[in-house]
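The working numbering puts the first residue of the sequence shown at 226, with every later residue one more than the last. Positions of the beta carbon are idealized from the N, C-alpha and C atoms, including for glycine. Since we're looking at a predicted model, the values are computed, not measured.
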Amino acid sequence: MQKDDLLTKVKALSQDIKAVFYSVGHVPIVITDEHNEVYYFWQNLALSKATLLHIDAHGDLEGTVHENSSLSNNYYQALDINNFICPAVHYGLVDLPLYWHNPHSGETLQFGPDNPGAGRIKGTSIVDMFGHPTIQWRPNPRLSSINSYPGELVDSIAVGDQFILDIDLDAFSCSGHVHNMPLRYNGEYGYEERIGSTLAMLRTLPTPTLVTITRSQCGSETYVDPRYVARVEGLILAGLARYLPNSVDAAAHNDQVKP
Ligand SMILES: [Mn+2]
């Protein structure tokens, strides 16, 4: 899909589900309130085997999602905020390995097949649960048993033709429990530092095809304190606006200045 076509399409999809749309250079950015709403974009943009970098205080790698053989455009409504990645892999929107960076711990975890010492996710399979065909990870992952890696792993991210940068704002300020951190850990404050270190890491990566951001304001389940969410959102958007145009336009700019 041409870059302008992609922008037009993402903008239209945003209007469908009342998500906020921005573009920085040729990179579309959408902001949703609930994380499973990003699936609407992944599914309806004809993404195929995209590389996923998931930046979140939580893995969102739960399984056991009902299969939907007819795959309506609104399949995201059947998903929850913590299980939308499993079907994205199952339906081929996202490829393995996939990557989860947690700014609270500074770790990047890689999940995929045949990576020495990597996570136990080998793919997805269909099981029958309570009479419904259900998508599960194979084997079913136990987050606590997945090996972790230092943040430097991100330097070796292999990015395919399509690259989804998916950000949950609770990656920076989280009012609930943060995965892989002590129960008493407080993840609400210090978000400026976590945003800064994340942006420094993102600057080393190729330009994303699509940026999906969720504010995690889900009715009574707000993972980002409503008092901080606008500030956190503003800081990450400002950071993306600074680095994305350079990463997109550097080659074109160099061509222009040559005689
Ligand atoms: Mn989260």
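May I ask you to report which of helix, strand or coil DSSP gives D450?
As a working note, residue 450 is residue 225 in the sequence shown. It is coil, neither helix nor strand.
Residues near Y416 by beta carbon distance below 6 Å, same chain, minus five either side
Against the sequence shown, residue 416 aligns to sequence position 191. F397, S398, V457, listed in sequence order.
Ligand 1: which residues have Cβ under 5 Å from any of its heavy atoms, chain order?
Answer in sequence order: D281, A282, H283, D393, D395.
Would V449 and D386 qualify as a contact pair, given that the criterion is a beta-carbon distance under 8 Å?
For this step, residue 449 is matched to residue 224 along the sequence shown. For this step, residue 386 is matched to residue 161 along the sequence shown. No, the Cβ-Cβ distance between V449 and D386 is not below 8 Å.
Identity of the residues DSSP links to T439 by a beta bridge:
Taking the sequence shown and counting its residues from 1, the one referred to as residue 439 is at position 214. Per DSSP, the beta bridge partners of T439 are T257, D393.
Which whole-angstrom value is the C-beta distance of Y264 and F309, which I expect to be below 8 Å?
Reading the sequence shown from its first residue, position 39 is the one you call residue 264. Reading the sequence shown from its first residue, position 84 is the one you call residue 309. The Cβ separation is near 5 Å, so the contact holds.
According to DSSP, what are the bridge partners of W325?
For the purposes of this step, residue 325 is taken as residue 100 along the sequence shown, with counting starting at 1. W325 pairs with H279, L334.
Can you give me the C-alpha to C-alpha distance between D271 and F336, rounded to a whole angstrom?
Stepping through the sequence shown from its first residue, residue 271 is reached at position 46. Stepping through the sequence shown from its first residue, residue 336 is reached at position 111. The residue asked about is misnamed: residue 271 is Ala in this sequence, not Asp. Across the structure, A271 and F336 are spaced so that their CA atoms are roughly 23 Å apart.
Judging by CA-CA distance, which residue of L469, S273, Q361 is the nearest neighbour of P312?
Here the question's residue 312 lines up with position 87 in the sequence shown. Closest option to P312, Cα to Cα, is Q361.
How far does the beta strand (DSSP E) with Q361 in it extend, from its first residue to its last?
What you label residue 361 is simply residue 136 of the sequence shown in a count that begins at 1. Where Q361 is concerned, the enclosing beta strand (DSSP E) stretches over 357-362.
In the DSSP assignment, find the unbroken beta strand (DSSP E) run with S248 in it and report its ends.
Against the sequence shown, residue 248 aligns to sequence position 23. Its beta strand (DSSP E) spans residues 245-249.
Nearest by alpha-carbon distance to T276: which of L430, G459, V454, I461 is it?
What you label residue 276 is simply residue 51 of the sequence shown in a count that begins at 1. Comparing Cα positions, the closest option is L430.
Rounded Cβ spacing between P433 and F388 (contact assumed at less than 8 Å)
Residue mapping note: residue 433 aligns to position 208 of the sequence shown, counting from 1. Residue mapping note: residue 388 aligns to position 163 of the sequence shown, counting from 1. With a Cβ gap of about 5 Å, P433 and F388 count as contacting.
Can you give, in chain order, each stretch of the alpha helix (DSSP H) that sits fully within the segment 279-316 and has at least 4 residues?
310-315
Here's a check: name, in chain order, each residue in its chain whose Cβ is nearer than 6 Å to the Cβ of Y468, leaving out the five neighbours to either side.
Start at 1 with the first residue of the sequence shown, and residue 468 comes out as number 243. Answer for Y468: R428, listed in chain order.
Thinking C-beta only, is V255 closer than 8 Å to T423?
Position 198 of the sequence shown, counted from the first residue, corresponds to residue 423. Position 30 of the sequence shown, counted from the first residue, corresponds to residue 255. Cβ atoms of T423 and V255: not closer than 8 Å.
Nonlocal neighbours in the same chain, by C-beta distance under 6 Å from H329, ignoring five residues either side
Within the sequence shown, the letter at position 104 stands for residue 329. These residues qualify, in order along the chain: A282, V403, M406, G412.
Quick one: measure Cβ to Cβ for H260 and L323, integer angstroms, because I've assumed they're closer than 8 Å.
For this step, residue 260 is matched to residue 35 along the sequence shown. For this step, residue 323 is matched to residue 98 along the sequence shown. Taking 8 Å as the upper bound for CB-CB distance, H260 and L323 are not in contact here, some 15 Å apart.
My guess is that I382 and I420 are in contact by the Cβ rule of under 8 Å, so how many angstroms apart are they, rounded?
Locating residue 382 in the sequence shown gives position 157, where the first residue counts as 1. Locating residue 420 in the sequence shown gives position 195, where the first residue counts as 1. Not a contact, Cβ separation roughly 19 Å.
Which residue wins for smallest C-alpha separation from D486, given the options W267, Y301, K236?
With the chain running from 226 to 484 in the structure shown, residue 486 is simply not present.
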